[in-house]
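Novice: If you count by UniProt numbering, then the sequence shown holds residues 1 to 960, one letter each, in order.
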Amino acid sequence: MPAHMSSTSNASATADRLILELSNAISAPSSGPGASQNVSAALLSIQKHSRSFGFSSRQCEQLLRLSLLGRLRPNPSTSVGGSSTKLKPPKTSLSLVILRCIVPRPRAKLGRQAVLDIIASLGPSPSSDPVKSAGLRTGADDSNLGPERVKVDSKIQIAALKLLCVLLESPCVPLCVAANFYAEGSTADATSRQEHREDREQELLQRQASQYSGLAGSLPTTFLTSAAKSALEKCYSTLFHFVDYQALRPHLCYLLCRLTKRRHVRHYRITKLMALRANSAPEAGISALLSTYANFYPDLLFPELLGGGGASSAVGAAASAGGLKFPDPDWVAAVLLAHARCTRREAGHTVESDDEAESETEAGAGRAVKKQRLSSKAVKETTSAEAAMGSGTPALIPIPNLVTIQPINSAQKAFGTHPSLVTELSSLQHLAHSLDRLVLPSQAAAMLGSGFGARLMRVAVLAGATIANEDSLSQTIPAGRRNRAAEQDLCWARLCDWLESVLGDELGIRGGKGARKLKLPATELEFRRLGALLRRAKYVFDLAEGLPDKLEELISSILLAIATVAASDDNGVKSARAEDLKAWSSRWDELAKEVLAFVPLITPSDLTLFQDRFMNPLEALASSSKVSLDTSATVLLALSSLLSNWGARDWTHISRTLDKRTTYRWGISSLDPLIDYSLLISAVSSRADALATQLIALFPRHLLIEHSVLSVYETLAASLAGLRTTASISPRPLFAFTLHATTIVPVSRLCGLVQDLRAAFEEHNNHATLPRSKVDGGLESKFLDLREVFFEEGNLTTLNSTVTLVANLIWLGKLVLDHDSVGSLPSGLHEKVLAELASRGEELGLKLATIANTPFSRAMSHLGERFSNVYCSQQRKAKKGVGKEATEEGWVRGPMTPKVIKAAKKFGLPGEWTNTDFRAYMMDWLEKQGVEGMYELLKNILVTFGSQLKAIRGETQRQV
1 MPAHMSSTSN ASATADRLIL ELSNAISAPS SGPGASQNVS AALLSIQKHS
51 RSFGFSSRQC EQLLRLSLLG RLRPNPSTSV GGSSTKLKPP KTSLSLVILR
101 CIVPRPRAKL GRQAVLDIIA SLGPSPSSDP VKSAGLRTGA DDSNLGPERV
151 KVDSKIQIAA LKLLCVLLES PCVPLCVAAN FYAEGSTADA TSRQEHREDR
201 EQELLQRQAS QYSGLAGSLP TTFLTSAAKS ALEKCYSTLF HFVDYQALRP
251 HLCYLLCRLT KRRHVRHYRI TKLMALRANS APEAGISALL STYANFYPDL
301 LFPELLGGGG ASSAVGAAAS AGGLKFPDPD WVAAVLLAHA RCTRREAGHT
351 VESDDEAESE TEAGAGRAVK KQRLSSKAVK ETTSAEAAMG SGTPALIPIP
401 NLVTIQPINS AQKAFGTHPS LVTELSSLQH LAHSLDRLVL PSQAAAMLGS
451 GFGARLMRVA VLAGATIANE DSLSQTIPAG RRNRAAEQDL CWARLCDWLE
501 SVLGDELGIR GGKGARKLKL PATELEFRRL GALLRRAKYV FDLAEGLPDK
551 LEELISSILL AIATVAASDD NGVKSARAED LKAWSSRWDE LAKEVLAFVP
601 LITPSDLTLF QDRFMNPLEA LASSSKVSLD TSATVLLALS SLLSNWGARD
651 WTHISRTLDK RTTYRWGISS LDPLIDYSLL ISAVSSRADA LATQLIALFP
701 RHLLIEHSVL SVYETLAASL AGLRTTASIS PRPLFAFTLH ATTIVPVSRL
751 CGLVQDLRAA FEEHNNHATL PRSKVDGGLE SKFLDLREVF FEEGNLTTLN
801 STVTLVANLI WLGKLVLDHD SVGSLPSGLH EKVLAELASR GEELGLKLAT
851 IANTPFSRAM SHLGERFSNV YCSQQRKAKK GVGKEATEEG WVRGPMTPKV
901 IKAAKKFGLP GEWTNTDFRA YMMDWLEKQG VEGMYELLKN ILVTFGSQLK
951 AIRGETQRQV
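(1) Go ahead and label residue 763 buried or exposed: buried means 16 or more other beta carbons lie within 10 angstroms of its beta carbon, across all protein chains shown.
(2) Quick test of your reading: residue 621 and residue 544, contact by CB under 8 Å. State the CB separation rounded to the nearest angstrom.
(3) Can you tell me whether DSSP reads residue 913 as helix, strand or coil?
(4) Looking at the secondary structure, which residues open and close the alpha helix (DSSP H) in which residue 341 lies?
(5) Out of 939, 868, 722, which has the shortest C-alpha to C-alpha gap to residue 752?
(6) Rounded to whole angstroms, how far is the Cβ of residue 672 from the Cβ of residue 779, which I believe are closer than 8 Å?
(7) By a C-beta neighbour count over all protein chains shown, 10 Å radius and 16 as the cutoff for buried, is residue 228 buried or exposed?
(8) The alpha helix (DSSP H) spanning residue 701 covers which residue range?
(9) Have a look at the DSSP bridge pairing and note the partners of residue 627.
(10) Which of the three DSSP states, helix, strand or coil, is assigned to residue 946?
(11) In terms of residues, what are the limits of the alpha helix (DSSP H) holding residue 996?
(12) Taking 8 Å as the threshold (C-beta atoms), are residue 112 and residue 231 in contact?
(13) Give the straight-line distance between the Cα atoms of residue 162 and residue 255, rounded to the nearest whole angstrom.
(14) Helix, strand or coil, according to DSSP, for residue 891 in the structure here?
(15) Can you name, in chain order, every residue of its own chain whose Cβ lies under 8 Å from the Cβ of residue 248, other than the five neighbours on each side?
(16) Please list the terminal residues of the continuous alpha helix (DSSP H) segment that includes residue 172.
(17) Taking the alpha carbon of residue 234 as the reference point, which residue from 246, 212, 260 has its own alpha carbon closest?
(18) Residue 630 to residue 528, Cα distance in whole Å?
(19) Just the Cα atoms here: how many angstroms apart are residue 536 and residue 612?
(20) Within the continuous alpha helix (DSSP H) that includes residue 253, where are the two ends?
(21) With DSSP as the reference, identify every bridge partner of residue 708, one or two as the case may be.
(22) If we count Cβ pairs, one from each stretch, closer than 8 Å, do we get three or more for the segment 800-810 versus the segment 738-757?
(23) Please list, in chain order, all residues of the same chain as residue 685 whose beta carbon is under 8 Å from its beta carbon, the five residues on each side excluded.
(24) Pairs of beta-carbons, one from the segment 171-181 and one from the segment 212-229, closer than 8 Å: are there three or more?
(25) Name the two residues that bound the continuous alpha helix (DSSP H) containing residue 1019.
(26) Given that a residue counts as buried once 16 or more other Cβ atoms are within 10 Å of its Cβ, and exposed if not, what is residue 479?
(27) Taking the Cβ atom as the reference point for each residue, do residue 178 and residue 347 lie within a distance shorter than 8 Å?
(28) Between which two residues does the alpha helix (DSSP H) containing residue 535 stretch?
(29) Are the segment 53-60 and the segment 32-41 touching, with three or more C-beta to C-beta distances below 8 Å?
(30) Compare the C-beta of residue 165 with all C-beta atoms of chain C and state if any pair is closer than 8 Å.
(31) Between residue 657 and residue 534, what straight-line distance do the alpha-carbon atoms span, to the nearest angstrom?
(32) Would you please state the rounded distance, in angstroms, between the beta carbons of residue 19 and residue 63? I believe it to be under 8 Å.
(33) Can you give the Cα-Cα distance for residue 518 and residue 555, rounded to whole angstroms?
(34) Looking at C-alpha atoms only, which residue of 760, 825, 765, 953 is the closest neighbour of residue 928?
(35) Taking 8 Å as the threshold (C-beta atoms), are residue 273 and residue 224 in contact?
(36) What is the C-beta distance between residue 815 and residue 712, in whole angstroms, given that I count them as a contact (C-beta under 8 Å)?
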């Protein structure tokens, strides 16, 4: 009977004992009796435990230390002067076997120290002095600079690097693949082997395979902790230093390809790789690393990659490009088998020991080798498919065809006909000639900075000087499409690629054209850095009046991720589109404002796409209870600016141009003639109106909310007149800016936007007699229909009622409660509100209608008092100057009722003034102080009062 493995309850203690025995056997004097046998026995036990259970994180790090130093990590208290520092490293063959035994058990991940130990083993090359070549401090003390450098054989360095590669990134192979280790390779081989295999041996294989065929789960994609990954990324420069060593180069290049980010692409590294490639035989690792650099800057080395396309054929290039294969499928097979066995034990099943079963069937040694080969094949066959499912990193790194950079002489630099550096540019014109041929386009990211070079770059790009040399970018454009617009598009596309690479690297964007997965900031430094990048990237496209498609998509992804954080409930985030989401704080508000600054630059697009990308996240952000009111107001201001930019265009001309299938330029983009832009503008206007109404109803006293809501309605009344379906103003804003107004500012701005609507209808009526041009379908017809709907008779009636209502509330002192009458209160004012107003009027001895009158309202009572005292003071000074008898000094106290006005005449008010005269002169004074909206509306809708205002202004002009 085959033996059964013990449970995992004492597996950790057993592993500790085995590792200690191996350490003692290695450190024992080699001349002692049975030393070699003790090492072999301890090593065999380690191998068996590795295959059956694997090791914990701490135990894996101990085995790594044994393989490199021949001892476990010394105790800090005894490390100085101890005898352990004098021990020699183990033999190369022994170290290699120990490295093969490092198999992490389920949920085990190696930490930062393991990474530093492997990096330390690369320190001095086998033929150099350890202290001089390391460049770091030596000794057993751990420091921020890393561990002591160790001197090991190059074979051990290669094995350690290979282990680091597979620990960093492993294919997500399902555990059920372990059953393939005991299956046959092919039908033909199975037939031939079946004839020479005993029935009992075949039955044993089938029983062992059945243990794993139904297992759920898969291997993790990494066996390193986040701290270990961070430490490995910080060692990028150290790893790149050893690329010179040919033996280490394949695994170093594989590791560097997986670690490379935009900040790692440096000119000296490119030069070094190009020199290695030119002076040695072609190596897939060097080409793959250059290809990785080109992914961040597509035109860095390979002109055929310009615009994001793949590698194409080039003169002297290989016919086909290879790829970097996974470094060690055999190691993955060993880890997979150990994880499968541990998973069965955790489920309460017994696991048969392969080693003891094989010795019982008299095929131990041969079976082990045969099974190992089969395991490698099984993993290789499943890696390509399963790795794609488990992680976003492809199994192979594509290598493009390469061309080398030719030497540059001074004449070529001066005329900008060959690649150059930003630091070599002498003027804006030189920059304009050289922008498309920069050797290091990463330096163009300097425009995101705040220095002189950043301003120089932005001015050059935004001034359109990038197309000064017509022979530059046009060479990459098909001959039939070469024109200034195409060249400008290509320049902006390149610029967008650079900026997107910066932002994408900061957000950790992975994947292709599918859903973007963002790693949002989690620390104060990350918030500040991302906010600064967004702010400076916005500077670049401000004068362009638009965003490229790719950058617009990236901004929408960031906005959606922020809205997801704002809309998440306390129990967790429902959406999985963003990682590492934290609780909402003021840092999120600041970041949201930086993203909202891009909203006015959005190009009109399909309605459904715009709603998914921007409108839905904006509404969720503005309506969230977690978001500050300042951020909600910023959302409304961003929508107002966006609609203002859209409404400022001549859509009749635009639609006529698009109907002719002629390209219409919108900033740096072109509008799609197949999109119904009339539906887009009308729908977005309606949703902005609804959002503004919702916020002002919830927060009627917040100044920024008040300002942003008024900005939205001012845009709807002016820029978008004729581009939406309704001309009405919701009841809540009307009440908030009249009966509930605390200052004159919202009252005047409300009157101003109402007057803008009146002016739009008057202008339309003046041209209504002209016959409409005949348009048969198309986008132009839709805009003409939308304009007719807006200016139809029903909307005019609604507007007239709104005008009368505003005049009643702010000036005439009337409240019309009959809903069928013109100027009546619209539905929406609660009965309790009317009761409260009536109660307040009774306390003041006034009627309900009078309490809404301007002189008695909270917004105007103190202004009337202020005007009276200013006017009386001016009159007293004027009389003193001409020697007339001065009037009595005193302070006029409001509200300015007819009785108070009569009493104030002894302080300087003209004796012939009536209540109407006082209000007219006060209105004239307010207009000079900036209250233009109310002045213009009242002057145009009240005939008698308007004539009086004009007469006052005429008298003032004659006096001047």
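For every residue, glycine included, the Cβ atom is placed at its ideal position computed from N, Cα and C.
Specialist: If we stick to the structure as given:
(1) Numbered from its first residue, the sequence shown carries residue 763 at position 763. By the Cβ-count criterion, residue 763 is exposed, with fewer than 16 other Cβ atoms from all chains shown falling within 10 Å of its own Cβ.
(2) Here residue 621 corresponds to residue number 621 of the sequence shown, with the count starting at 1. Here residue 544 corresponds to residue number 544 of the sequence shown, with the count starting at 1. Rounded, the Cβ-Cβ distance is 25 Å, inconsistent with contact.
(3) Here residue 913 refers to the residue found at position 913 of the sequence shown. It is coil, neither helix nor strand.
(4) If you number the sequence shown from 1, residue 341 lands on position 341. Run containing residue 341: 329-346, per the alpha helix (DSSP H) assignment.
(5) Within the sequence shown, numbered from 1, the residue matching residue 752 stands at position 752. Taking only the C-alpha atoms, the option nearest residue 752 is 939.
(6) Here residue 672 refers to the residue found at position 672 of the sequence shown. Here residue 779 refers to the residue found at position 779 of the sequence shown. No, residue 672 and residue 779 are not in contact; Cβ-Cβ is about 11 Å, not under 8 Å.
(7) Taking the first residue of the sequence shown as 1, we reach residue 228 at position 228. Buried, since its Cβ has 16 or more Cβ neighbours within 10 Å.
(8) As a working mapping, residue 701 is identified with position 701 in the sequence shown. Here residue 701 belongs to no alpha helix (DSSP H), and DSSP marks it neither H nor E.
(9) Reading the sequence shown from its first residue, position 627 is the one you call residue 627. DSSP output for residue 627 lists no bridge partner at all.
(10) Stepping through the sequence shown from its first residue, residue 946 is reached at position 946. Residue state, collapsed to three classes: helix.
(11) Examination of residue 996 is not possible in this model, given that the chain is present from 1 through 960 alone.
(12) Within the sequence shown, numbered from 1, the residue matching residue 231 stands at position 231. Within the sequence shown, numbered from 1, the residue matching residue 112 stands at position 112. Yes, they are a contact pair.
(13) Along the sequence shown, one-based indexing puts residue 162 at 162. Along the sequence shown, one-based indexing puts residue 255 at 255. Roughly 9 Å between the two C-alpha positions.
(14) By 1-based counting over the sequence shown, the position of residue 891 is 891. Coil.
(15) Numbered from 1 along the sequence shown, position 248 holds the residue referred to as residue 248. For residue 248, where only same-chain residues beyond five positions count, the Cβ hits under 8 Å are 122, 154, 157, 158, 161, 242.
(16) In the sequence shown, the residue the question calls residue 172 occupies position 172. Element bounds for residue 172: n/a, residue is neither H nor E.
(17) Here residue 234 refers to the residue found at position 234 of the sequence shown. The shortest Cα separation from residue 234 among 246, 212, 260 belongs to 260.
(18) For the purposes of this step, residue 630 is taken as residue 630 along the sequence shown, with counting starting at 1. For the purposes of this step, residue 528 is taken as residue 528 along the sequence shown, with counting starting at 1. So the alpha carbons of these two residues sit roughly 19 Å apart.
(19) By one-based count along the sequence shown, residue 536 stands at place 536. By one-based count along the sequence shown, residue 612 stands at place 612. The alpha-carbon atoms of residue 536 and residue 612 are separated by roughly 26 Å.
(20) Taking the first residue of the sequence shown as 1, we reach residue 253 at position 253. Going by DSSP, residue 253 is part of the alpha helix (DSSP H) stretching over 249-259.
(21) Counting from 1 along the sequence shown, the entry for residue 708 is found at position 708. In DSSP, residue 708 forms no bridge with anything.
(22) The segment 800-810, when compared against the segment 738-757, does touch it at the 8 Å Cβ threshold.
(23) Locating residue 685 in the sequence shown gives position 685, where the first residue counts as 1. Only residues of its own chain outside the window of five on either side were considered, and among them 643, 716, 720, 723, 724 have a CB closer than 8 Å to the CB of residue 685, listed in chain order.
(24) Contact holds: three or more Cβ-Cβ distances are below 8 Å.
(25) This structure cannot settle anything about residue 1019, because the visible part of the chain is limited to 1 through 960.
(26) Residue numbering aside, residue 479 sits at position 479 when the sequence shown is read from its first letter. Low local confidence applies: a pLDDT of 45 at residue 479 is under 50, so the model's placement there is unreliable, and no value is given.
(27) Translated into positions along the sequence shown, residue 178 becomes position 178. Translated into positions along the sequence shown, residue 347 becomes position 347. For residue 178 and residue 347, no; Cβs fall outside 8 Å.
(28) The residue you call residue 535 lines up with position 535 of the sequence shown. Element bounds for residue 535: 524-542.
(29) no
(30) The question asks about chain C, but that chain is absent: this structure has only one protein chain.
(31) Mapped onto the sequence shown, residue 657 falls at position 657. Mapped onto the sequence shown, residue 534 falls at position 534. C-alpha of residue 657 to C-alpha of residue 534: approximately 34 Å in a straight line.
(32) Along the sequence shown, one-based indexing puts residue 19 at 19. Along the sequence shown, one-based indexing puts residue 63 at 63. So it is a contact: roughly 7 Å between Cβ atoms.
(33) In the sequence shown, the residue the question calls residue 518 occupies position 518. In the sequence shown, the residue the question calls residue 555 occupies position 555. Residue 518 and residue 555: Cα-Cα distance of roughly 11 Å.
(34) Mapped onto the sequence shown, residue 928 falls at position 928. Looking at the Cα atoms, 953 is the closest of the given residues.
(35) If you number the sequence shown from 1, residue 224 lands on position 224. If you number the sequence shown from 1, residue 273 lands on position 273. In this structure, residue 224 keeps its C-beta atom at 8 Å or more from the C-beta atom of residue 273.
(36) By 1-based counting over the sequence shown, the position of residue 815 is 815. By 1-based counting over the sequence shown, the position of residue 712 is 712. Wrong, their Cβ atoms sit about 27 Å apart, outside the cutoff.
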